[in-house]
Structures are given as C-alpha cells and as structure tokens.
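Single-structure report; data block below.
Number of protein chains: 4
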Amino acid sequence: MPERNLIKDFYPDFSCDKLKEECGVFGVYRQEGAASLTYLGLHALQHRGQEGAGIASADGKTLFCRKGKGLLTEAISHEDMASLPGIHSIGHVRYATAGGNEAENLQPIVARASFGSLAVAHNGQIVNASELRTALEHQGHLFLGSSDSEIILHLIQKQDGPLVQKIQQACSQLRGAFAFLFLTEKSLYGVRDRNGLRPLCLGKKGDGWVLSSETCALDSVGATFVRDVLPGEIVKISSHGLETFWYTEPGERRTCAMEYIYFARADSTMDGRSIYQMRKETGRLLARADAGKVEADLVAGVPDSSLPAAMGYAEASGLPYELALIKNPYVGRTFIEPTQEQRDLGVRRKLAVNRSVIQGKRLILLDDSVVRGTTSKRIIHLLKDLGAREVHLRIASPEILFPCFYGIDTPTREELIAAQMDMDALCRYLGADSLRFLHVEDLVQAYGSDSLCFACFQGQYPAGTS
Amino acid sequence: MPERNLIKDFYPDFSCDKLKEECGVFGVYRQEGAASLTYLGLHALQHRGQEGAGIASADGKTLFCRKGKGLLTEAISHEDMASLPGIHSIGHVRYATAGGNEAENLQPIVARASFGSLAVAHNGQIVNASELRTALEHQGHLFLGSSDSEIILHLIQKQDGPLVQKIQQACSQLRGAFAFLFLTEKSLYGVRDRNGLRPLCLGKKGDGWVLSSETCALDSVGATFVRDVLPGEIVKISSHGLETFWYTEPGERRTCAMEYIYFARADSTMDGRSIYQMRKETGRLLARADAGKVEADLVAGVPDSSLPAAMGYAEASGLPYELALIKNPYVGRTFIEPTQEQRDLGVRRKLAVNRSVIQGKRLILLDDSVVRGTTSKRIIHLLKDLGAREVHLRIASPEILFPCFYGIDTPTREELIAAQMDMDALCRYLGADSLRFLHVEDLVQAYGSDSLCFACFQGQYPAGTS
Amino acid sequence: MPERNLIKDFYPDFSCDKLKEECGVFGVYRQEGAASLTYLGLHALQHRGQEGAGIASADGKTLFCRKGKGLLTEAISHEDMASLPGIHSIGHVRYATAGGNEAENLQPIVARASFGSLAVAHNGQIVNASELRTALEHQGHLFLGSSDSEIILHLIQKQDGPLVQKIQQACSQLRGAFAFLFLTEKSLYGVRDRNGLRPLCLGKKGDGWVLSSETCALDSVGATFVRDVLPGEIVKISSHGLETFWYTEPGERRTCAMEYIYFARADSTMDGRSIYQMRKETGRLLARADAGKVEADLVAGVPDSSLPAAMGYAEASGLPYELALIKNPYVGRTFIEPTQEQRDLGVRRKLAVNRSVIQGKRLILLDDSVVRGTTSKRIIHLLKDLGAREVHLRIASPEILFPCFYGIDTPTREELIAAQMDMDALCRYLGADSLRFLHVEDLVQAYGSDSLCFACFQGQYPAGTS
Amino acid sequence: MPERNLIKDFYPDFSCDKLKEECGVFGVYRQEGAASLTYLGLHALQHRGQEGAGIASADGKTLFCRKGKGLLTEAISHEDMASLPGIHSIGHVRYATAGGNEAENLQPIVARASFGSLAVAHNGQIVNASELRTALEHQGHLFLGSSDSEIILHLIQKQDGPLVQKIQQACSQLRGAFAFLFLTEKSLYGVRDRNGLRPLCLGKKGDGWVLSSETCALDSVGATFVRDVLPGEIVKISSHGLETFWYTEPGERRTCAMEYIYFARADSTMDGRSIYQMRKETGRLLARADAGKVEADLVAGVPDSSLPAAMGYAEASGLPYELALIKNPYVGRTFIEPTQEQRDLGVRRKLAVNRSVIQGKRLILLDDSVVRGTTSKRIIHLLKDLGAREVHLRIASPEILFPCFYGIDTPTREELIAAQMDMDALCRYLGADSLRFLHVEDLVQAYGSDSLCFACFQGQYPAGTS
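Protein chains in written order, with our numbering: chain F, -7 to 458; chain U, -7 to 458; chain W, -7 to 458; chain G, -7 to 458.
Printed below as a string of structure tokens:
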C-alpha cells in the first residue's frame, strides 16, 4: 500500500494551480546556437516546471553547464548563455518538491568521469531509487544530492563497454517513470521508461535533431515532429546519425493519464493523440452522461487547461460555450504584505469572473481534476458570490484517490479530498449544485485505448511503488 | 491633417502585440492597507501598461509616493510598499512612448505646494498640451518632465478657491482625452474628459470608495461597481462623503472604440456595455456579412482579445469554434542573443499553432485590428506553414486609417497599412485567402449607439487635434 | 536660535559612520564618452553620498538624464549608460536626509523649459529655501519635489536675458551654501556660494573641462587641476571657451571646516590646502598640547579619516604610530537577521582591533569628531575589552555644539553629546582615560587662516540660518 | 619540474590585485543562530575569496546548504539564511580559478550518504588529486564536479569505522595543502594538512566552538582564540566536547609564506605570529639592507597589505612614513563601457595618488610582491606622472620564481616576471629608480624560524607537486 508522502503546499493563498509535474526536458543535436535553441525550447516547456532551470552544452570537446533557481528567465542570465558554446545541448525545467530546493538538486547534473563528461536531465521518478542508492552506497558510491537523477549517472559509471551499452545496463535496473536526456561532449541520448509513463518525442531540424518532453517545443524551435521515443527505447544521436537501441523488452505502454488531462500544453501531441482533441472528447463524454439530467444555461471552463473540455461539453450538449472565467496573464511574485481581507481575495488575483455571462445563470463548469478541492471550492464560491445562480461542476478526469509514484507531486490519501468523502458530501463541501467526474471507461474511450496509467485513480501501479 | 508622430517600434521581433494604451489608473479612499489594495488593483490593470508603475498614498497628514520602471512587480519593491502608509491611495501603470523612458515621466506625479501635496495619475492625452505649456512657461512656470500630465498640476496651482474649484477651472482649459485621479493628504478626486474618451468607473468597498480605469480591477479588490464617472464630471471623495461636480457642460459622449475592441479586459464593463458581449457581437455581425460568401471548416481567434469575436462568429455562422492558436503564458524578457534563424522564430515564442485542428482545414481567423500588419502576416504564414489550407482573415474593427491623438500610440499614416493599400492588395500582402473588416455601422450596431470615438477610422476628432 | 532638525539615525547598529555630507557633483565639457567619464568621476566622489546617483548628458541638441537609488553601481545600469550620449555631462551622488528618499528628489533635476532643457546638480543647503519657495508659490510656481535644489531652476526660469544673466540673478537671491553645476544642451556652468562654504574646483582635460566637488575626482579621470571656483563666481564653459562671471560681490571666504576634518578624501586639495597635510597638522597640534601631560605607548587613529591626524600626533610626540584598528573593506547590506548578541557585535563587522599592538598598551586614539558619541564609546569599549590598558581619546576637531544649516546632516543640540555634558562627564561617558578636543585656534593655525566656517563649533552662521 | 598552469587573468585593466588565495573557511559548533554567525565570520574572511560563498547548517537531525556566486552578500539571500536553521554551521568563501565558475564547484559540498550527510569546506589544493580521482574512478566512483574537494568525500565514504576514523584514513591519502571543515548533522571537524601549509585556528565562544582560516574572524564574532589546529591534527567537536586525533605523524611545519606576506588580514595571528608585526619587521629588514645606500625623502606603501612593511621601513630608516597612495573603498563592478582612454585610467579607479606628499620627492615605495609586474609598473608610472622625483621600489617578499601547487593561483614561469629577467632589467621594466627584494634569510629572520613554505621562491615543494 502506498505510504509515500510528497508534501508540497501547492495551494498557496494566491494560487489556483493544481498538480505539478516534476519537469520538462529538451535537447538539440548539431545546431548552431544550440544553447539558445534549448532556451527557446525550454520556454515552450516552462509550464512543466517553474522552480529551477538549467542548460548544458557541448562543443565536441568540452561540456558546459549553467543552472539556477526560478523561471528560465531568472535562472539563466545573459552571462550564463555566453558560457554555453557548442552545437549540442540539453536543458531542464524543474518543479521542486519539498526539501529539494537546494542548488545541488538542479539539473542537468554533470558527471566529470574519466571516460568524459556526461550530463543528465530527467523527468519522472524512479521507484526503486532508495534501494538502488543504498546498494550503490554499500559498494562505496557517494551521492552529492538527494535527487533520484544522480543514481542513473552512478549506474552508468559502473558498467562496462561503450556508453550506449552502459546506459542500457544502467536503465535496465531502474523501475518507475523516466524520460532521460544524456549529453556527452559529442553525442545526445534520449531514453524512455519501459511503460512510456513519461513522454519524450523526437524531431528533426535541418540536418540536426531535437528531443523534447512535448511536441509544442518542437514547433517553437521550428523543428519537425518525427515520432515519439518508444517505451524502452534508447535513441542515440552522434556522428553516426540516429541509432536506436533497447534497454529492455518494451513493457505495456502506460502513458500518464494526467499528461493528457492536465499537464501537457493543448497544442502538443503525445503518442499520436492531440491533447486538445482528447480534452474536447472528455467534455463530450461528460455531456452525454449528463444528457437530460441537468438543466443549465451555459458551459464554461477553468482556464487554461479545462477550456477544451468545456468546448467539447458545449458542442455535445448544444449549450452555449462562454468565457465565464478570465485569467490574469501577469503572474509572478508580489511584494505586498496583504491584510487578511486582501489575502482572502487571493484567487481573484489570478482568475476573474466575467460577470456579464454568469449573472443569474445556471453554469456547467468544467475543471480538469480535483486534488485537495481548495481551488474548486473558491472558484464556485466566487462565481456564486458574483451572481451565478447554479454551478454544476464537471471534472474531466476520474476521482484522484491514490498518490502517484511516477513524478507527480500528489498529496497523501488523507489530503486527497475525493478519497475522504463520498460524492454527495464532496459536492456539498465544494458548494456545487451537482458534481460529476469522468468515468475511467470514458477516459479509455476518449483516448481510444486503455494503454494509460490510471494509478492515481485505481491504485494499480504499472511500474510498481517504492 | 494630422502630422503628429508617436513613434514606437511596437512590433519587435518577439512580440505579437498590437496598439498600446497609454495607461491605467486606480485609486482607493478609506481602506486599511490602501497601497496594497492599489497594488492589487493595478495588477488587474497591468494589461494597460507594462513599462512603469507607481503608487502614492496618504495618511491624512502626509502624502507618499514610490514609482519605478517595468512591470508592477519590478517597479515597486517590498521596501517601497513599506514606505506607503495610509488609508487613501492612487496608482498608475504606464506604457512609455518614444523618448519618454526617463524617470521624471513616471506617475503619479506629486506637487508639493503651499496648499498641500497633490498627486496626479493620468490616462489619456491632452491635445492642447503644447499650447498650454507654452502659455504657462510665458507666465514663468517651469516644467521638470516632458509629460502632458504635469500641466494639469500647474493649471490647478494657478487657480483660486478650494481645490475642487481649482480642478474645475484647470480641467476646463484642457482639450483632449483624460481620466485623472488626484490624491491629497485627505481626499481623492476622479475626473473624466467631457467626451468620456477615456474610461473611469466608481466602486464601493465597505465604507470606502474605489476609482478605476476598468471594472475588472474593482472585482479583483472585492469592490462593487457603482457607476461610470460621467463625461465632464469631477467626483470628490472626502470626509464629507462622495460629492459630484462638473467642470464643463458634458460634451457628446465618445468613448474610445478601441477600448471595446482591443484594450479593455474582456471581463470589464464600460459605459454599461460588457466588453465581452460586445466583442462577441462584432463576431456575429462579421459572420452575417459573410453568410453564403465564404466556405470554411472552423473559426478561430488570435488570443486573447480576439477570442470572443471568434466565438460570436462561430455562433452566428454555425461553424465550429476551435483553439487554433495557443498563447505561451510565460512572457517577459529573455537573455539569449538568438541567431537570425532563431529570431525568425520570434512569433512562435508567444503563439503556438494547435496543429491538430488546422491540418488541411479552411479557417476563418478573427483578429481585432490591423495596424502595421506585421503580426497578422506572420500568423497567417505560420498557420499555412503548419498545415492550414485556407485562412480567411476577419478583422473585428474597421480599417485604422488615421492616427490617434487621445492617448493611443498609433504610427503615422505611412505606417498604417490599411491607409496604404486597397483591400485586395492588403489581402495579398497579408497572405490571406480573403479579408474583411467590420463596417463602422456594424460597430455602431454592436455597441447599440454611435456615441463612440471613431477618429482612427474616420479622421474626425471629437476633441480636436494637436 | 537654531531649531531645525535634520534627523537621521546615522549610527545604526552596524555602522561606525559619522556626519554625512549631502552630496558630490561632477561635470565634464567636451569629452568623448562624457557620461562614462562622469561615472568615473562620481566613483571617486562616492564617499560624499551613497544613497542615490544620477547623470545627465547632452549632445549639443538634446539633454538626457538617468538616476536611481543607492550606490552609483546600483543606481545607474548598463542600459542607463547607453541612454546617455553626448560630449557634455554632469552627475551627482547623494546622501538622503530623512523623508527624502523619494525618486523625485534624486538629482540631477531637469527642467524642460521653452528656452531649452536645464539640468542642475547641487551640493549644499539653501537657508532661505522655504521663504523663496513660498514666495514662488505665491507667484504661481509649482514644485514637484521637496528638495531645495528645484528652487534654483524656478528662480532661473523667472529671470530675463541670456542664461548666464538668469543664473546670476537667481543665485543672488539665495542665502546659504551651494555648489551648483548646470548643464544645457550645449554648455556647462559651475557656481559657488559667496562664502565658498561648499567646495568646487575646475580642471582641464585635453581641450575640454571638468568641474568637481573635490580634486581627487580630477585625478581619477586624468584631468589637471586648474583652480578652485571662487566664492560668488559663475564659471561658464561653452563654445566661447571658459568665461567667468560674478553673481555677487564675493563675501568672506568661509569653507566648511568639516570638509577638511572629515568629509573630503585625504588626497584632495581644497582652496589650496592639502586635506592630508592639514589633518596631519591637527594631530601635531594636539600632540603639542599634550606634551608632558599624558604617558602613552603608541598612537593610533580610527580609519580612514583619522589616520593622518594620528600620524601627525605620532610625529610630534615621538610615540610610535600603529594600526590598532583595521577596517573591513567589504561593506554593504547584509541579509542576516542577527540575534541580539550578534547585533551587539555590530561595530566589529566594520572595524577590527589589531590585538598584537594594543595588548597591555596605553593608546592615544585619534578620532576626527564626536557627534552623538555612540561610535567612539563602542570603539573604546572594544579596545579595552581586547586588551588595551588605557585609551586617551584625542579629537581632531573642536566640540560640535551647534547644528549645521549648510548641508551637513547634524542632529539637534539635544543629541549633540558635547553640548549636553562637560568634558569630564563626556570622558567618563565614552569610557576614555582622558579626552581632549582640538581648540578652534589650533584649527585656525593648522589651516593657516580663519577663513573657515566654524558654525557647528561656535554657533555663528556666516550665511545666516533658516 | 612544475608544468601545471593555473591560468587566471588577475590583472584586468581595472584591478590592482595580486595573487589570489583560493578560499576561506569558517565553522561554529553549538551557537544559537549558527548560520548568521558563520555569515559574520565569512564577512571577516571575504578578502580570501570574492567569487562564491556558501553556508551549511545542521540542527542535530538534518543538514542544510545554500550557496551562490559572487560576494557573500550576492551569493546568500535573506531567503537562503531563513533556510539554514540549527546551532552548527560551516561556510566557505571562494576564489574561482579558470574554468571553475560552474555552480557545481561552489562549496560547501554536501554528500548525502547512508551514514548521514556530510558537508565539506576546503581551503587549499591537493597535489595528488588527479591520481586519487583516477583511482577512485577505476573503483567505480563518480564525480559531479571538477573540484579537488569532492575527492575527500569519496575517500571518506570508502573507509570503515566511525567517522573520525574514516576522516583519518582518507586524509592520510592526500598530499598537498588543505584545511578542511566537515559538518555532519551533529558534529564539526577541522583538519589541517601535515605541513600546516594552509592555516586553521580554533576559538571558543560561550560553551560553543569556532574554527576559522584566520583569527580576524574569531574577533568579528566575539570568540576567543584558543590555539591553531596543528599540522596533521583532526579536531572533532561533538556532544563529547573537543577531542583531538591525528591522521598522520606531523610533518615539518611549513605554513605558506604568502599568508604572512599578502593574504591574511593584518589583524590576524597565525601560528603564534602577528601578521602585522611580521610585515613591519620585513620592512625594517629591508631598511637595514638599504642603510647608507639610497637617499630618499619619505616611505610609502601600496595599500592595504604593504602599509605595515612601509611603517617598519620608516621606523628603521628614520624617514617619514606618508600615505602616498589612497585606496578608493568603493569597489565592485561598473556598468560603463569605457573608451580606450578611460580604460587606461584603470588603476586610478582603485588607487589615488596623494599629490601633496610626493611632489618633487624621492620615495621608497613598499609593495608586498611582484607577480606579473603589471600593477607595480602602473603605480610607479602614475606616481612619476603626478610629480614623484624618484621611486625606489622595495618588495617585502623574495622574488616569486616558481608556481604554487598549494592553492594559490600563480601564473606559469613564463608569466612570472622575476623569473624572466635579471634585477636590472626588471627595475628598468618597472620604471623604478632602484629595486630590491627581501632575501629569503630575512624572511626567516622576520618570521623567527624557517618553518615556512618557500616553494614559490625556491622551487622546493614540501608536499610534492602534481
């Protein structure tokens, strides 16, 4: 039974954020200004992590690395960029979990080994990290940080043979979820876990290559999507061109369902599915389930991730789709010490109600997920406060009942509100007039297959737990 | 014929911005933590100006002021906020025009006069500024900055009688567009020009009051909308409560049409009209004009301001509404020196194409306005490049043919592309498959009256030109 | 009787600073990279003010200005420097007095008048500022800041004739202490008050000119000292070369004694006297007065300003001169919140005791002045704590008994400790084994004339009080 | 023969700095606000390294670490300090050598091992680093940075037994120069290399303990000096109090001569010698060697490190001691792009000539060392340019002829100017009227023993070379 506890107060007073993804990775091979291109790519992946960023680059002979805390623009200075020459590069944006805000946990992490330098950027979570770490320590290995990601460098170091073989042997010892980028002075590698839990895709740009957590970053640098890296695959890009290796028999494909529901940007395509189209479809399915059961005047979504589901619901229900909530695009830290009354206005700093469409109206409100329930509760309260007559909350994902061990920062079962009360109680708690979640079967239908990870909904962990 | 030339390269490589509004103003009377409340209010008005911000506050005896360059969060430090005590406050966010980036032009501007201190925050442009300034200089007045806004302080200073009477006499000498907030040690004043060219509204919060450029900022601080300040009205808020004065016979009401079309946030209401609803209506009217004339598969808008028009068009045409363009919410300065090829990717840093909806499709693309045409051209090119079969551009405003003298930073006629070519040539230039603008009559219909300023469309200036 | 109260807690826990000078000014005429040269000059004057800095420049047609809070390196960014073209420039470093930390009080202040732009940088204090201001306000003038320095711009504006005549007429209305630099698009002016209370000197560099508060800044930019600007003189530098004008009959010369004692850098020369040599001489005179009256093992000074006096004392007394106190050169803000015990260590952060020379020794300790007495008390306590057997305090200036009205930030009489107790009580209060101040007559002898301002010692104000 | 090449252009145009020490370390055991105390201690050691700083702290259960680039005040934010709880702490200030400016090389470095966390702060250089590293890599160890200091953590990890035994065994494998501080969750260790090449001292504060590179930092935190850590000694401080261990038979003591000559602050005492007194003595010895051989009017030193030698010279020669050079205390980065002519003024930005004492005079100028000769040449040129008649340069150290392998950043023999020309040629090159270095025998006499490292003077390396 899961007991792990990745604590993070991700509902601060001034936030309406939801679950947080651990990170995004991006790499380029053989491109002039590789580090700048990586910067642009990471910019398109910034939604995957805002608490740290780093870029490594290589010029064929030397490997360079610069990293720092905060958003990309805060973490990497102009001076840093000037210290990142070369035509190959990898980068990382990071969402820091509890206790992990120390500089040593920023990525890429660079090993300076006798066989050369090796930088790693990692998205995901290794469930047997602590076992592996203990075993390595018993063999005399020393760890300088507390991150999972350092382990893979140690495992690689221990193996024999050429680097790709070392990576094969090292990865075969890992359980869990991972997409790795590795950079040496001369080559770039991408690896995806055997279940494909975390995404990774391959693009082409001129005579060079790009690897990215999401396709949206390919477009942003003018690269062309080639294909997803496959579960269990190692892609090696070097002067020999692109070569493919396997570190394992591929397992069942189980891409993280929350990538489709919440994390990925709507314009990305993952494992052949458009994120946007799939979100719309979940909305349609929710509408069909509601057909004849609820009367409402309009459909709206919580921006930005729930808008496609709301559009799909509107389409299938025939109800008008409206922008009932408007997001303030100017986010970032503030420098005021608000009064308590001002603190209570928190959610209004990020989300504004478009009064003209909700006044006296019955709303179907689409949201992507319910974790602790805090934000949903505030939004419903705000809508009613400013004039909505009814708010029927529809969640474009199943109830989150179990923690994630694959890189998503979920609270304990005690804090997962859907695990703590039945549907009626939850509906009352949130202040909604009715409440419905997407069924897992509908999610399967929207996706067109059951090859997704449903661990947080069903508690069955395709790659085990820690 | 207008010859004025407000130059600003507002189409830098990495921008898809359009016209820029000069500023936003916000004020509170009798509220604990007034400066913090103003900070929150300005945060909701940040879209009106990103190049400078300032806050003044008053505690009944002393008037304080802090201001700086950049976004609110850059301009005002935590230390600054600690230096702004008191229960009354006004603030300003500013869009800097050419040459005006010097510290002395930041607002609020504070006069330290024998009758007490007086802070002013100004949105708009005074067309007889240079005459007034010259006349004042002949009378021995001295100006420390180059902004229009300093003039009103001098005019007030010259008058006799109580402050409200001085303000009346001073404002009656001004021609042009203005919404002023004035703060003394004890009272707050709001003034709107006789044509109501620039917006200003009044809200109530507890036993205090709020004045704001837009209603969206009232909501963000938990204030209730009371009414718009009327053209020619002076609202005085003091220990005697709210009093109303007039500095002139009200002129014809002529609120700036571009406020409705582009500047204001969609959740604001101005002069009784919902910005959002009116934008939807312009979309519907464009659709009706197109009925039977254009075949397309879907409707999309350029985010964020053109989305309601696209929704309206979709509703009226029966075509599906889709999110074809996605905006990257992480804006801000970057620290790279991109290669030329990377520079050409500029627009992609801010806007991403949602390939899944445009592949092989014929799009109706709604945009709010065409100024120099640079951005529209790039977006159409990007859409076609990534798979759109046809792009039919519909502009939710009439052609901008004349410069603005009322606070909007328009280029010269030579740079206004719609003034330089006929519709067919423009369509070809932009790379669109067809192009249509909103008729002025449709704008009148959408608004429900002709009491708007159409100067930039028609060259008739309700408050004269400079 | 003086009642003015320039409050400033200039003895914060972590400071050993003394009196603070209001500012330093520096200007250049006809030099490539004028603003950079001014930056270098201000860097050499940074000891005269650390709380704000600004630079104006002119290219023959336009006048530019950039300014900000803090040290020069904090106030003026690289981007600011890039906005300051031209071959003429003036700059200012500022020590902020109470309440004056608002952006509007930074200098240079620029008037944008019909006759052109005029920037002013001011060191000193105008004693009839408030009268002049009131009078100007009665004539309808409006002031945007609370600084004295704005007044001169208004007075100039009111006069007729060519600019130099306007400056003459304006300055003749001022009482008090001032050194002004004025910059127009094309010319540079320097003015010194009729008593020469505040210093200003003239240098030559190639075919251009330099004006500076102190000669140390001439050296730092490679300029050659020409002469001091004379009391009552206006130096005009333009395409006609250097011209000299008088705004008044020169008054008695009364340069501020504290410039020689404390403010100026030791390598400066003022009114023909080397600061360093004069400080040494005060030390010699103190030694002579002590001859046969005090037994001691060594002489030391409080760094940096009291070292020459200590060297002079050692020379005249034959006692060895030692570095008993060492200054930590790394100053600046700290980011810790110290415990109370750590706070008590305050003075040790800036000054360290060289234990090897004081152990069991009887010290003659030279300090330049006693204001509130706080720092002297701490230093003596620290020296005894770490092993000094006796500390005989010798002050290289007379007792400060009266406030300054000429630009130096002195506390009220109540806070001037020498005005509150007799010599014996003060000696006990400070924890010294004996205490002696320099006599005014000795100061006259060291200077070689009585043409100094002794107002803070004797309460006679050569230019009146406010 | 040494071939190693630690390159660093430490004579940039705007610098008069000399050799650079690698770093300073400071630690406290059992003190409230331990991290703040370490901050204060590092502040007093800031002269030992300005390019990086870090602090680790421990509260008995957990070990925390924060570090960053630049001066202490830049590297450690207020927020960082708030993340460093506990009553034990160590810190580090760092001077970055070539190529080592990457974040991973900042210290303290923290190992997160199965036996607990271990932070290390290191001053010095390990000459068999590359051998040890290679050997460890052959055993499968992985290094994340390029610094020497990571090696010790790996060596410790590999050993058996209690931590102190592991440290013993690890240190016994090291050759070279080191002072280490180690911090665990509960205890503090200090180690000094067997030759005592790098300094480390022990102090007491209340019922807690302090370890520091120099005694000046003990005073700054109110601690009392107890004794130096002895060559080869391991000091362990834990709940069992202070215990002493040896990792080796102590070797000959050979403290770095340059610590006494240049690096240490004058108020520090090292191995029982006052830095200040020893510097004075070198001056006296130089004077004696000159007796009757050179005529001069005065003696001066290059601030700050050469002032005591100048004072000693003056004392022994009977010539007056004067402040001929004044240092501008406001250092730090500038934001100008100077013209070439301004660049040539470089040295004047940091050092000013006190013209009043040098005009027409013959100077004995004391400087502490000659490395590349660039700065001495500029200073002599400047002095003569501004009026000095003769400049007789006396160097308070022997000629530096060989590179250092023990932590000091010396250039290659090709760049060591004293290794490239004979005394006459060097004198001419520097523009001096005569030139004399201290003899090694005089250094021995001034120190009172020959137990110093003279490697850079004589090429004999007490702890071997790499």
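The beta-carbon is built from N, C-alpha and C at its ideal position, and this holds for glycine as well.
**OP:** Put H80/U into one of helix, strand or coil per three-state DSSP.
**Re:** The residue given as residue 80/U occupies position 88 in the second sequence. Note: H80/U maps to strand in three-state DSSP.
**OP:** Inspect the beta-carbon positions of F174/U and Y181/U and report whether they are closer than 8 Å.
**Re:** Here residue 174/U refers to the residue found at position 182 of the second sequence. Here residue 181/U refers to the residue found at position 189 of the second sequence. Remark: C-beta atoms of F174/U and Y181/U approach each other more closely than 8 Å.
**OP:** Taking all protein chains shown into account, decide if F107/G is buried (16 or more other Cβ within 10 angstroms of its Cβ) or exposed.
**Re:** Position 115 of the fourth sequence, counting from 1, holds the residue named residue 107/G. So F107/G ends up on the exposed side.
Subject >> DSSP three-state assignment for Y181/G, whether helix, strand or coil >> reply: For the purposes of this step, residue 181/G is taken as the residue at position 189 of the fourth sequence. Assignment of Y181/G by DSSP, reduced to helix, strand and coil, places it in the strand class.
**OP:** Taking the CB atoms as reference points, tell me whether N346/W and D259/G lie closer together than 8 Å.
**Re:** The residue given as residue 346/W occupies position 354 in the third sequence. The residue given as residue 259/G occupies position 267 in the fourth sequence. For N346/W and D259/G, yes; Cβs fall inside 8 Å.
Original post:
Residues in its own chain within less than 8 Å of R167/U by CB, not counting five upstream and five downstream?
Top reply: Taking the first residue of the second sequence as 1, we reach residue 167/U at position 175. If we look at R167/U and ignore the five residues flanking it on each side, its Cβ neighbours are I118, V119, N120, A455 and G456.
**OP:** Could you tell me the boundaries of the beta strand (DSSP E) in which M193/W lies?
**Re:** Within the third sequence, numbered from 1, the residue matching residue 193/W stands at position 201. One point to set straight first is that residue 193/W is Cys, not Met, in the sequence displayed. It spans C193 to K197 - the beta strand (DSSP E) in which C193/W sits, taken as one unbroken run.
**OP:** Compare the C-alpha of L317/W against each of T240/W, H373/W and G198/W and name the closest.
**Re:** Numbered from 1 along the third sequence, position 325 holds the residue referred to as residue 317/W. The option with the nearest alpha carbon to L317/W is H373/W.
**OP:** Could you spell out the range, first to last residue, of the alpha helix (DSSP H) harbouring R420/F?
**Re:** Within the first sequence, numbered from 1, the residue matching residue 420/F stands at position 428. Residues M415 to L422.
Original post:
Curious, which full-length beta strand (DSSP E) runs of at least 3 residues does the segment 220 to 250 of chain U contain?
Top reply: Counting whole runs of 3 or more residues, the segment 220 to 250 of chain U contains the beta strand (DSSP E) stretches 225 to 230 and 233 to 238.
Original post:
Counting Cβ pairs closer than 8 Å, one from the segment 285 to 297 of chain G and one from the segment 222 to 230 of chain G, do we hit at least three?
Top reply: Taking 8 Å as the limit for Cβ pairs, the verdict is that the segment 222 to 230 of chain G does not touch the segment 285 to 297 of chain G.
**OP:** Measure the CB-CB distance between Q290/F and P321/F and report whether it falls below 8 Å.
**Re:** To locate residue 290/F, count along the first sequence from 1; it is residue 298. To locate residue 321/F, count along the first sequence from 1; it is residue 329. Reading the sequence as shown, one finds Leu at residue 290/F and not Gln. Note that the C-beta distance between L290/F and P321/F is not below 8 Å.
Original post:
Ends of the beta strand (DSSP E) at K319/U?
Top reply: Mapped onto the second sequence, residue 319/U falls at position 327. It spans L317 to K319 - the beta strand (DSSP E) in which K319/U sits, taken as one unbroken run.
**OP:** Using three-state DSSP, classify V339/W as helix, strand or coil.
**Re:** Counting from one through the third sequence, the residue named residue 339/W turns up at place 347. Helix, per DSSP.
**OP:** Give the DSSP-derived three-state secondary structure of C208/U in the structure shown.
**Re:** In the second sequence, the residue the question calls residue 208/U occupies position 216. Looking at C208/U - three-state DSSP - the assignment turns out to be helix.
**OP:** Determine whether the Cβ of E318/U lies closer than 8 Å to any Cβ atom of chain F.
**Re:** As a working mapping, residue 318/U is identified with position 326 in the second sequence. One detail in the question is off: residue 318/U reads as Ile in this sequence, not Glu. So, interface residue.
Original post:
Counting contacts by CB-CB distance shorter than 8 Å, is A90/U in contact with chain W?
Top reply: As a working note, residue 90/U is residue 98 in the second sequence. At A90/U the pLDDT is 40, less than 50, meaning the model places this residue with poor confidence and gives no usable figure here.
Original post:
In chain F, which residues lie less than 7 Å from G137/G when you measure between Cβ atoms?
Top reply: For the purposes of this step, residue 137/G is taken as residue 145 along the fourth sequence, with counting starting at 1. Per Cβ cutoff of 7 Å: R104.
Subject >> G83/G burial status per 10 Å Cβ neighbour count (16 or more: buried) >> reply: Within the fourth sequence, residue 83/G is the residue found at index 91, counting from 1. So G83/G counts as buried.
Subject >> Helix, strand or coil at H431/W according to DSSP, with G and I counted as helix >> reply: The sequence position of residue 431/W within the third sequence is 439, counting from 1. Residue state for H431/W is assigned as coil, using DSSP reduced to three classes.
Original post:
Taking buried to mean at least 16 other C-beta atoms within 10 Å of its own C-beta, is A417/G buried or exposed?
Top reply: On the fourth sequence, position 425 is the one that residue 417/G refers to. A417/G is classed as exposed because its beta carbon has fewer than 16 other beta carbons within 10 Å across all chains shown.
Original post:
Grouping DSSP H, G and I as helix and E and B as strand, with all else coil, what is F394/W?
Top reply: The residue labelled residue 394/W in the question sits at position 402 within the third sequence. DSSP places F394/W in the coil class of the three-state scheme, outside both helix and strand.
Subject >> Cβ of R340/U within 8 Å of any chain F Cβ >> reply: Taking the second sequence and counting its residues from 1, the one referred to as residue 340/U is at position 348. For R340/U, the answer is yes, since a Cβ of chain F falls inside 8 Å of its Cβ.
**OP:** For N346/G, go through chain W and note every residue whose CB falls closer than 7 Å to its CB, in chain order.
**Re:** Stepping through the fourth sequence from its first residue, residue 346/G is reached at position 354. Neighbours of N346/G on chain W, chain order: A258, D259 and Y268.
Original post:
Distance, Cα to Cα, L136/U vs A48/W?
Top reply: Locating residue 136/U in the second sequence gives position 144, where the first residue counts as 1. Locating residue 48/W in the third sequence gives position 56, where the first residue counts as 1. Taken atom to atom, the span from the alpha-carbon of L136/U to that of A48/W is near 14 Å.
Original post:
Taking the continuous beta strand (DSSP E) assigned at D282/G, which residues delimit it?
Top reply: Your numbering for residue 282/G matches position 290 in the fourth sequence. No beta strand (DSSP E) holds D282/G; the alpha helix (DSSP H) holding it covers I267 to D282.
Subject >> Meets three-Cβ-pair contact criterion under 8 Å: the segment 237 to 249 of chain U and the segment 432 to 452 of chain U >> reply: Contact between the segment 237 to 249 of chain U and the segment 432 to 452 of chain U is present, because at least three Cβ pairs lie under 8 Å.
Original post:
If you compare alpha carbons, which of R370/G, R428/G and G379/G is closest to A388/G?
Top reply: For this step, residue 388/G is matched to residue 396 along the fourth sequence. Checking every option, the nearest Cα to that of A388/G belongs to R428/G.
**OP:** Please report the Cβ distance between V17/G and A113/G, rounded to the nearest whole angstrom; I am assuming they are in contact, meaning their Cβ atoms lie under 8 Å.
**Re:** Counted from its first residue, the fourth sequence places residue 17/G at position 25. Counted from its first residue, the fourth sequence places residue 113/G at position 121. About 4 Å separates the two Cβ atoms, so the contact holds.
**OP:** Could you tell me whether the Cβ of D289/U comes closer than 8 Å to any Cβ of chain F?
**Re:** Counting from one through the second sequence, the residue named residue 289/U turns up at place 297. Proximity of D289/U to chain F, defined by a Cβ-Cβ separation below 8 Å, is not satisfied.
Subject >> Segment limits, alpha helix (DSSP H) that includes G33/W >> reply: Position 41 of the third sequence holds residue 33/W. From DSSP, the alpha helix (DSSP H) with G33/W extends over A26 to A36.
**OP:** Spatial neighbours of G188/F within its chain, please: CB distance less than 6 Å, with the 5 preceding and 5 following residues excluded, ordered by chain position.
**Re:** Along the first sequence, one-based indexing puts residue 188/F at 196. Excluding sequence neighbours, G188/F sits near P223, R245 and T247.
Original post:
So, is the C-beta of E24/F closer than 8 Å to a C-beta in chain U?
Top reply: Residue numbering aside, residue 24/F sits at position 32 when the first sequence is read from its first letter. At least one chain U Cβ lies under 8 Å of E24/F.
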